[in-house]
Amino acid sequence: EESYEGKAGDNLVLTIDIDFQKEIEQIATDFLNSNVDSYNDRVYIVASDPNTGEILGMTGKQRSTSNEIVDDALGVINASYGMGSAIKGAMVLTGYMSGVISTDNNVIVDEPLQFPGSKLKKSVFNPNVGSQVAINDIEALARSSNIYMVKLAMMMGGQVNYESGDTLNISADLIDELRSYFAQFGLGVKTGIDLPNEGSGLVGFDQTAVNVVDQAFGQYDLYTTLQLSQYINTIANGGTRYAPQLVSEIRSTDANGALGALETTLETKVMNLVDVDAQAMERVQQGFYQVTHSANGTAYSTFGKDPNDVAAKTGTAEAIYGGTNDNLKGESVFNSTFVGYAPFDNPEITVTVVVPYLSTDTGRATPIAKKVFDAYFNTGDYAIK
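In terms of our numbering, the sequence shown has 1830 at position 372, counting the first letter as 1, and numbering is strictly consecutive.
Here it is in C-alpha cells:
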C-alpha cells in the first residue's frame, strides 16, 4: 500500500572547501608521520570565516595503537585540553570589562610571584626572582606574560599590591566570575555548531585562590578546539560570537540527480556580543599583531616575514598524558596551541591548531598553522607556480 509518493532526497551544501579540506587533512597527517615527538599521537585543526562562523576546513587526526593514522574529527568538538596562553586575549579583555584596567591605565609590573604553598609563578621571558619589567597590555600579549594575567585576576579580587612572599588573598569564587567573562568568547560553553553531541569543555572542581590565577593564563579549565576557534573568531571580528556553521544551504535534487533549486539558506547565528569597549578590543588585536610582527613576539620567528599579515596568539599548557600509549599514562606533558587570523586589517580566515601530549614545551602548533595559512592563500610551499 502506497502511503505517499517517494521523492529524491535533498542535498546539504557545506561551507567547507573540499580542496582546502584535503590540504589540511594532509598537513595533519604529515605532522603525525613526521614523529617529531615520541609522546604526541594527535593533532586538531580548524579553519573558519570569522565574519560568519562558517567552517572552511576542520580535521582531527590520531595515531592508533596499531600505529595507523585514523580520523578523529569528532575530537575537534568533544575532546578537551588545557590551552595555555592562547586564551590570554580573553583575560586581557576580562580586565577591561571588569574595570581593573583601562585604555589609559594598563601598565603592570611583570615579576616572578611566590605564594606560600604554590609553585613559583613566572613568565618565560622574565623568569628570575627579583626581576621587574613594566609592560602594558599589548606587550603582555606579544611576550606572553603570565604575571600580567595573574595580577589582573588579583586586582579583580581586590589584591592590588604584592610583596614577595605575600599570601594570595583573593576569593576562590572569583574563578566563576572569570568563567562568565570567558564564556562571552565561547570558552567553557557550547559553541552552537550545527552538529549533535558537542562537548562544553571540562571545568576544574577544586576551587582555590591559586587555581583562580592559574585560570587567568589558561592552566586550569579545559576547552575544545572548536571553542578555541570560536574565541579567535570573536576577537578577529571585533566582538561578535557566531555559532560555527557547517551547512550553508539546502537544495533539492533535480530530475537528473544533480543539485536542484534552493530550498533553504542557513543564516548565520549570533550567540552574543562581547560587552567590551571597541578601543579595548583594538588593543588586544594589536597585541596579537605584535605576537607575529614584533621582535619580542612569540611567533615572530615564524610569521615575521610572512606575506599573509597574520595576527596570532601562541600557547603552551602543562598537562597530564591521556593518549593511546598506556606506558605514558600519568606522565607530565605539554600541549601546544595556536590561534590566529589573516589578513590583519580585513580578516577572512582564522586558524586554530591544538597539538596535545608533547614531551617538551616546543611550539609545535605554530608551524602547522603557517602551513594552513599558506594552503589557504596559496603562499609559501603552496604558491601557485
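Glycine included, every Cβ here is placed at the ideal spot set by N, Cα and C.
Please read all numbers here as calculations on a predicted model, not as lab measurements.
Helix, strand or coil for residue i per DSSP?
{"i": "residue 1568", "result": "strand"}
{"i": "residue 1760", "result": "helix"}
{"i": "residue 1481", "result": "helix"}
{"i": "residue 1689", "result": "helix"}
{"i": "residue 1671", "result": "helix"}
{"i": "residue 1497", "result": "coil"}
{"i": "residue 1740", "result": "helix"}
{"i": "residue 1845", "result": "Within the shown structure, residues of the chain are numbered from 1459 to 1843, placing residue 1845 beyond reach of any answer."}
{"i": "residue 1720", "result": "strand"}
{"i": "residue 1491", "result": "helix"}
Please determine, among the options, the residue with the shortest C-alpha to C-alpha distance to residue i.
{"i": "residue 1526", "options": "1488, 1607, 1692, 1763", "result": "1488"}
{"i": "residue 1679", "options": "1697, 1646, 1657", "result": "1646"}
{"i": "residue 1539", "options": "1814, 1500, 1828, 1466", "result": "1814"}
{"i": "residue 1511", "options": "1728, 1733, 1739, 1826", "result": "1728"}
{"i": "residue 1732", "options": "1515, 1544, 1551", "result": "1551"}
{"i": "residue 1749", "options": "1802, 1720, 1776", "result": "1802"}
Pull up the distance between the alpha-carbon of residue i and that of residue j, whole angstroms please.
{"i": "residue 1667", "j": "residue 1736", "result": "31 Å"}
{"i": "residue 1601", "j": "residue 1754", "result": "6 Å"}
{"i": "residue 1635", "j": "residue 1671", "result": "12 Å"}
{"i": "residue 1492", "j": "residue 1766", "result": "26 Å"}
{"i": "residue 1503", "j": "residue 1470", "result": "23 Å"}
{"i": "residue 1579", "j": "residue 1520", "result": "33 Å"}
{"i": "residue 1596", "j": "residue 1523", "result": "44 Å"}
{"i": "residue 1694", "j": "residue 1799", "result": "7 Å"}
{"i": "residue 1658", "j": "residue 1810", "result": "17 Å"}
{"i": "residue 1567", "j": "residue 1592", "result": "4 Å"}
{"i": "residue 1652", "j": "residue 1508", "result": "16 Å"}
{"i": "residue 1812", "j": "residue 1723", "result": "32 Å"}
{"i": "residue 1703", "j": "residue 1473", "result": "7 Å"}
{"i": "residue 1617", "j": "residue 1587", "result": "20 Å"}
{"i": "residue 1709", "j": "residue 1468", "result": "6 Å"}
{"i": "residue 1665", "j": "residue 1484", "result": "41 Å"}
{"i": "residue 1516", "j": "residue 1589", "result": "43 Å"}
Could you please give the first and the last residue of the uninterrupted beta strand (DSSP E) stretch that includes residue i?
{"i": "residue 1553", "result": "Not the beta strand (DSSP E): residue 1553 falls in the alpha helix (DSSP H), residues 1546-1556."}
{"i": "residue 1519", "result": "1513-1521"}
{"i": "residue 1666", "result": "First-last for residue 1666: undefined, no H or E at that position."}
{"i": "residue 1709", "result": "1705-1711"}
{"i": "residue 1730", "result": "1728-1731"}
{"i": "residue 1527", "result": "1527-1529"}
For residue i and chain D, any beta-carbon pair shorter than 7 Å?
{"i": "residue 1580", "result": "The structure shown contains no chain D; it holds only a single protein chain."}
Could you tell me the boundaries of the alpha helix (DSSP H) in which residue i lies?
{"i": "residue 1639", "result": "1632-1641"}
{"i": "residue 1536", "result": "1533-1536"}
### Query
Hey, which unbroken runs of the alpha helix (DSSP H) at 4 residues or more fall wholly within the stretch 1558-1615?
Here the runs fully enclosed are 1595-1601, 1604-1614.
### Task
Taking only runs that begin and end inside the stretch 1743-1831, name each unbroken alpha helix (DSSP H) of 4 or more residues, in chain order.
Fully enclosed alpha helix (DSSP H) runs of 4 or longer: 1758-1761.
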